[in-house]
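Enquirer: Structure below; questions to follow.
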């Protein structure tokens with residue numbers, strides 16, 4: 061008599077185990093994905109906040125030059141550039157060698173008569189009937205890329221120079237730090253500010269580094 065062995069669905073049990081393992085793996089991947097997504101959101105928010113803080117410091121540590129031409133005619137635009145060159149050439153060492161924004165602003169206020177005279181002389185040499193008006197004030201600026209460096213948008217202290225009606229295209233640059241003065245060694249007080257302005261801004265997070273290390277394992 062043949063004895064029947066009990067049926068053991070080994071293959072079925074093995075397939076079910078494999079399926080459970082796959083489902084568990086998918087669940088863990090989804091959980092990891094949600095966790096990484098949340099962590100990334102937090103990191104990006106922190107990054108944006110930190111970048112804004114650095115940008116605010118750049119605004120506070122900068123004195124800009126803002127020259128408004130009389131009009132957009134070629135003649136008036138050339139006059140604007142002549143006035144620009146005259147003002148930059150007349151900047152006293154007290155401005156170029158200032159250690160702080162406050163010191164640069166004080167030196168500029170003291171130098172306003174000299175700079176105004178330089179602007180008027182440039183207008184006279186250009187045979188222009190325009191007059192120049194100079195004042196140091198707080199102005200809002202949009203973000204601007206100068207090629208070798210870039211400044212974030214924000215409210216800056218600026219030497220504003222209006223020529224004639226002041227309705228032409230503007231010319232912007234930076235007096236302090238002396239980024240627009242040839243031969244000047246200019247930099248900002250902090251490494252983060254220099255990195256943001258000169259294009260090497262990077263914020264490292266411990267969580268990001270940990271995730272990179274986990275992926276590489």
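Numbering (my numbering), first residue to last: 61 to 277.
Cβ atoms here follow ideal geometry from the backbone N, Cα and C, with glycine treated the same way.
#1: With a cut-off of 8 Å on the beta carbons, I'd call residue 182 and residue 146 a contact; round off their distance for me.
#2: Between 217, 169 and 175, which lies nearest to residue 121 when the distance is taken from Cα to Cα?
#3: Which same chain residues end up closer than 6 Å to residue 342 when comparing Cβ atoms and leaving out the 5 residues on each side of it in sequence?
#4: With the cut-off set at 8 Å, would you say residue 164 and residue 235 are in Cβ contact?
#5: To the nearest angstrom, report how far apart residue 204 and residue 214 are at their CA atoms.
#6: Any idea what DSSP makes of residue 253, helix, strand or coil?
#7: Would you identify the three-state DSSP class for residue 184, choosing helix, strand or coil?
#8: Let me know if residue 174 comes out buried or exposed under the rule of 16 or more other beta-carbons within 10 Å of its beta-carbon.
#9: Going by DSSP, what residue range makes up the beta strand (DSSP E) through residue 200?
#10: I think residue 228 touches residue 132, with their Cβ atoms under 8 Å apart; what is that distance to the nearest whole Å?
#11: So what does DSSP say about residue 143, is it helix, strand or coil?
#12: Roughly how far, in whole angstroms, is the beta-carbon of residue 221 from the beta-carbon of residue 156, given that I think they are within contact range, below 8 Å?
#13: Using the Cβ count rule (16 or more neighbours within 10 Å means buried), how would you classify residue 256?
Expert: If we stick to the structure as given:
#1: To locate residue 182, count along the chain shown from 1; it is residue 122. To locate residue 146, count along the chain shown from 1; it is residue 86. Right, the Cβ-Cβ distance comes to about 4 Å (below 8 Å), so this counts as a contact.
#2: For the purposes of this step, residue 121 is identified with residue 61 of the chain shown, where counting begins at 1. Selected option, being the one with the closest Cα: 217.
#3: The displayed coordinates of the chain run from 61 to 277. Any statement about residue 342 would go beyond what the structure contains.
#4: As a first step, residue 164 is located in the chain shown; it is residue number 104 there, counting from the start. As a first step, residue 235 is located in the chain shown; it is residue number 175 there, counting from the start. It is a contact, given that the beta carbons lie within the stated cut-off.
#5: Counted from its first residue, the chain shown places residue 204 at position 144. Counted from its first residue, the chain shown places residue 214 at position 154. Rounded to the nearest whole angstrom, the C-alpha separation of residue 204 and residue 214 is 11 Å.
#6: Residue 253 sits at position 193 when you count from the first residue of the chain shown. Of the three classes helix, strand and coil, the one that applies to residue 253 here is helix, per DSSP.
#7: Looking up residue 184 in the chain shown gives position 124. Correct three-state label for residue 184: helix.
#8: The residue given as residue 174 occupies position 114 in the chain shown. So residue 174 counts as exposed.
#9: Here residue 200 refers to the residue found at position 140 of the chain shown. Taken as a continuous stretch (DSSP letters only), the beta strand (DSSP E) holding residue 200 covers 192 to 201.
#10: Position 168 of the chain shown, counting from 1, holds the residue named residue 228. Position 72 of the chain shown, counting from 1, holds the residue named residue 132. Confirmed, Cβ separation roughly 5 Å.
#11: For this step, residue 143 is matched to residue 83 along the chain shown. Correct three-state label for residue 143: helix.
#12: Here residue 221 refers to the residue found at position 161 when the chain shown is read from its first residue. Here residue 156 refers to the residue found at position 96 when the chain shown is read from its first residue. With 8 Å as the limit, residue 221 and residue 156 do not qualify as a contact, their Cβ atoms being about 18 Å apart.
#13: The residue labelled residue 256 in the question sits at position 196 within the chain shown. Residue 256 is buried by the Cβ-count criterion.
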